[in-house]
DNA sequence: CACCATAGACCGAACGTTCGGTCGGGCGCT
DNA sequence: AGCGCCCGACCGAACGTTCGGTCTATGGTG
């Protein structure tokens, strides 16, 4: 059987790029390294994509898209605040895992480029919406009163987002659902027996 | 009163450097930007430090030093595992805040340089020691049985480490001790009222 | 079926810019 | 005079990107 020439699409090349950006950091990753990882030359890359920052933009748009979408899901918008919050925590963990490379890149954005600054603005928007939900749950008396809702919101999303730093598909033992459930369990009920 | 010429020491210059490295990422930060932030020229910097990677090394050595030191404190080495673990979680959060710029840089290290690879090795060592303690607490029946100790360890330090992403001295409302206590409280008892 | 034109995917070389760092020196203080 | 701290000019290497091309596959035409 003849060995066919592997060709890239913008999407498949983006996938390779995002893996490299996560491995080395966007600024630490060069187009030369991407060419090497993809097995084509630097100039070939420009046949498929407009440029380095454009790949970053596409990736960050995808990550923010899925995260905002989850906030509009029915179980995130109807019911008691504490139930909605539990759903958001569990579901955000699942979405983070499903789109791990893209969400990881978003969480690591620093602000050195226009694209990153846009993404950071979007993240702040997300954080505000979740913080509002936490404040609601606290107001309804379902959160412990000795921790300020703002602090609680930060710890919650710190916990969720930290999954991106260690979760590896196929290598973390637990699946997305299991990790999502564990994150929600620890967040609301803690680790003590 | 005459305006005296501000001069740097290696340590005060390192402090400026670490702030910049955290703001833009180590790879995204240039020596030109450091010169600008410090108010001196690039060549002046080399009078005080050996080079860019050397500043990174000094910072990461400092961060790993304080984190390993806390694991050797009496309250972290004697007593029931669950009590030692509570102390470590609370104390690690405090230390992270006290040495925020240095620990933040450590947590963001990627592995692009020899120095970063060394630091990542040290972090893995730290993670192993804490994971051992979590396993001990689980074996003593003090942790919930439905979450694997390895997963519990990752979530624990995910929570602690995430503080570096939002805590800002003087701007987060709560002090190091309060945040440390909140982290430990949420980690072991959860957010639910 | 053979030939040709076209398009898609690719490449080597080069560009302008930025990078970390060095060199040779000046200034102010003791 | 000597030293510490500073600086302008410059360096070689690496960066992201562009330019002008080649190669291969495909479809149309005779």
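Residue numbers (my numbering), protein chains in the order written: chain S, 10 to 202; chain H, 10 to 202.
Here a beta-carbon is modelled for each residue, glycine too, at the ideal position from N, C-alpha and C.
Here the structure is a predicted model, which means the values were calculated and not measured.
* Asked: Just how far apart, CA to CA, sit residue 92 of chain S and residue 55 of chain S?
  -> So the alpha carbons of these two residues sit roughly 47 Å apart.
Examine the Cβ distances between the stretch 100-110 of chain S and the stretch 42-61 of chain S and report whether three or more of them are shorter than 8 Å. With a cut-off of 8 Å, the stretch 42-61 of chain S and the stretch 100-110 of chain S do not count as touching, because too few Cβ pairs lie within range.
Where does residue 152 of chain H sit, in a helix, a strand or coil, going by DSSP? If DSSP states are grouped into helix, strand and coil, residue 152 of chain H belongs with the strands.
Rounded C-alpha distance that separates residue 87 of chain H from residue 142 of chain H: Answer to the nearest angstrom: the Cα atoms are 11 Å apart.
Q) Counting only beta-carbon atoms, is residue 97 of chain S nearer than 8 Å to chain H? A) Taking Cβ atoms only, chain H never reaches closer than 8 Å to residue 97 of chain S, which makes this a no.
| Residues bridged to residue 201 of chain H by DSSP? | DSSP lists S:152 as partners of residue 201 of chain H.
N- and C-terminal bounds of the alpha helix (DSSP H) containing residue 175 of chain S
Here residue 175 of chain S belongs to no alpha helix (DSSP H), and DSSP marks it neither H nor E.
Residue-level contact to chain S via CB, residue 18 of chain H, 8 Å cutoff:
Output row for residue 18 of chain H: interface = no.
(Q) Just to check my reading of the structure: residue 111 of chain H and residue 68 of chain H have Cβ atoms closer than 8 Å, yes? What is that Cβ distance to the nearest angstrom? (A) Contact between residue 111 of chain H and residue 68 of chain H holds, with the beta-carbon distance rounding to 5 Å and staying under 8 Å.
Option nearest residue 136 of chain S by Cα separation, candidates S:154, S:153, S:123, S:116 = For residue 136 of chain S, the nearest C-alpha among the options comes from S:116.
**Q.** 8 Å Cβ cutoff, residue 108 of chain H in contact with chain S
**A.** The beta carbon of residue 108 of chain H does not come within 8 Å of any beta carbon belonging to chain S, so the residue lies off that interface.
(Q) I'd like to know if residue 201 of chain H contacts chain S, where contact means its C-beta is closer than 8 Å to some C-beta of that chain. (A) With its beta carbon less than 8 Å from one in chain S, residue 201 of chain H belongs to the interface.
Of all the CB atoms in chain H, is at least one closer than 8 Å to the CB of residue 77 of chain S?
No, no contact with chain H.
Discussion item. For a contact defined as C-beta to C-beta under 8 Å, what are the partners of residue 182 of chain H on chain S?
Written reply: Near residue 182 of chain H (Cβ distances below 8 Å), the residues of chain S are 157, 159, 160.
**Message:** Taking 6 Å as the limit between beta carbons, can you name the residues of its chain near residue 126 of chain S, skipping five residues before and five after?
**Reply:** Correct list, in chain order: 120.
**Q.** Residue from H:170, H:184, H:166 with nearest C-alpha to residue 200 of chain S
**A.** Looking only at H:170, H:184, H:166, the smallest Cα-Cα distance to residue 200 of chain S is reached by H:166.
Practice task
Determine whether the Cβ of residue 191 of chain H lies closer than 8 Å to any Cβ atom of chain S.
Solution key: By this cut-off, residue 191 of chain H is an interface position.
- If we cut at 8 Å on Cβ distances, does residue 132 of chain H have a partner in chain S? So no, residue 132 of chain H is outside the interface.
Notebook entry, point to check: Are the Cβ atoms of residue 109 of chain S and residue 176 of chain S separated by less than 8 Å?
Noted result: Taking a C-beta distance under 8 Å as the contact criterion, residue 109 of chain S and residue 176 of chain S qualify as a contact pair.
**Asked** If we call anything under 8 Å between Cβ atoms a contact, is residue 221 of chain S one with residue 22 of chain S?
**Response** A query on residue 221 of chain S cannot be resolved here, the shown segment of chain S reaching from 10 to 202 and no further.
(message) Suppose you measure from the CA of residue 190 of chain H to the CA of residue 151 of chain S; what does that come to, to the nearest Å?
(response) Near 20 Å, if we compare the C-alpha coordinates of residue 151 of chain S and residue 190 of chain H.
Original post:
Applying a beta-carbon distance threshold of less than 8 Å, which residues of chain S neighbour residue 197 of chain H?
Top reply: The answer, in chain order, is 199, 200, 201.
Express the C-alpha separation of residue 194 of chain H and residue 209 of chain H in angstroms, rounding to a whole number. Past the edges of chain H, shown from 10 to 202, lies residue 209 of chain H, and the structure says nothing about it.
inquiry  = Can you tell me whether residue 131 of chain H is buried or exposed? The criterion is at least 16 other CB atoms within 10 Å of its CB, across all chains shown.
reply    = Its Cβ being crowded by 16 or more others within 10 Å, residue 131 of chain H is buried.
- Task: Consult DSSP for residue 15 of chain H and reduce its assignment to one of helix, strand or coil.
- Result: Coil at residue 15 of chain H, not helix or strand.
For chain S, is any of its Cβ atoms less than 8 Å away from the one on residue 21 of chain H? The Cβ of residue 21 of chain H sits no closer than 8 Å to any Cβ of chain S.
Practice problem: Could you work out which residues of chain H lie near residue 151 of chain S, taking near to mean beta carbons separated by less than 8 Å? | Solution: Correct list: 201, 202.
- [ ] Just the C-alpha distance for residue 25 of chain H and residue 40 of chain H, rounded to the nearest angstrom, thanks.
- [x] If you take the alpha carbons of residue 25 of chain H and residue 40 of chain H, they lie about 11 Å apart.
Verify whether the separation of the beta carbon atoms of residue 113 of chain H and residue 173 of chain H is less than 8 Å. Taking 8 Å as the cut-off, the beta carbon of residue 113 of chain H is found closer than this to the beta carbon of residue 173 of chain H.
- Message: Does residue 58 of chain S come out as helix, strand or coil in the three-state DSSP assignment?
- Response: For residue 58 of chain S, the secondary structure class from DSSP, reduced to helix, strand or coil, is coil.
**Message:** Cutting at 7 Å between CB atoms, please list the residues of its own chain near residue 62 of chain S, excluding the five before and the five after it.
**Reply:** The beta carbon of residue 62 of chain S lies closer than 7 Å to those of 122, 124 in the same chain, with the five residues before and after it left out.
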